[in-house]
Amino acid sequence: MTQKHTPTPYTLTKDKTADGDIMLVISSGTRVIWQAYDSPENEATAAFIVLACNSHQALVEALEEAQQITKFMYEQLLPHTEGNRAELNCKYFDFLTKKNAALALAKGE
């Protein structure tokens, strides 16, 4: 993904209009990101957008760091593993597959 998104953190706010109450997801630069009429489902959706967007970068960084730690542990443990190398290999490569898929999804790749 090459296009930059509007800056976080996003916040959820409500406003009144002539047509009824609306909910707004607003960027840190006060730009409206999402809006909808007030309803329980729309409020839950707005809260999810705020939570997901505000935590996105931290989760990507944590997953990348977890990969570095896991790789280090794998490389250190494998030479000293007796008999369960196949199981350790399988678990490690399962983790890599899931991690790569999650990061690609999070990065829009």
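The sequence shown begins at 752 in our numbering and counts up by one. Even glycine gets a Cβ: it sits at the ideal position worked out from N, Cα and C. Quick caveat: nothing in here was measured; it's all calculated off a predicted structure.
{"Item": "Nearest-angstrom Cα separation, counted from VAL811 out to GLY771", "Value": "38 Å"}
{"Item": "For ALA769, three-class secondary structure by DSSP", "Value": "coil"}
{"Item": "Secondary structure, alpha helix (DSSP H): runs of 4+ residues fully inside the stretch 759-839", "Value": "791-828"}
{"Item": "Coarse secondary structure for THR709, derived from DSSP in three states", "Value": "In the structure as shown, the chain starts at 752 and stops at 860, and residue 709 therefore has no counterpart that could be examined."}
{"Item": "At least 3 beta-carbon pairs within less than 8 Å: the stretch 791-803 vs the stretch 838-852", "Value": "no"}
{"Item": "Pairwise C-alpha distance: TRP785 and ASN805", "Value": "14 Å"}
{"Item": "Proximity of LEU775 and ASP766 at Cβ, strictly below 8 Å", "Value": "yes"}
{"Item": "Option in ALA769, THR768, ILE773 and THR781 with minimal Cα separation from THR759", "Value": "THR781"}
{"Item": "Distance between HIS756 and THR848 (C-alpha atoms, nearest Å)", "Value": "27 Å"}
{"Item": "Contact check, ILE777 vs THR768, beta carbons under 8 Å", "Value": "no"}
{"Item": "Separation of ALA803 from ALA857, as counted between CA atoms", "Value": "10 Å"}
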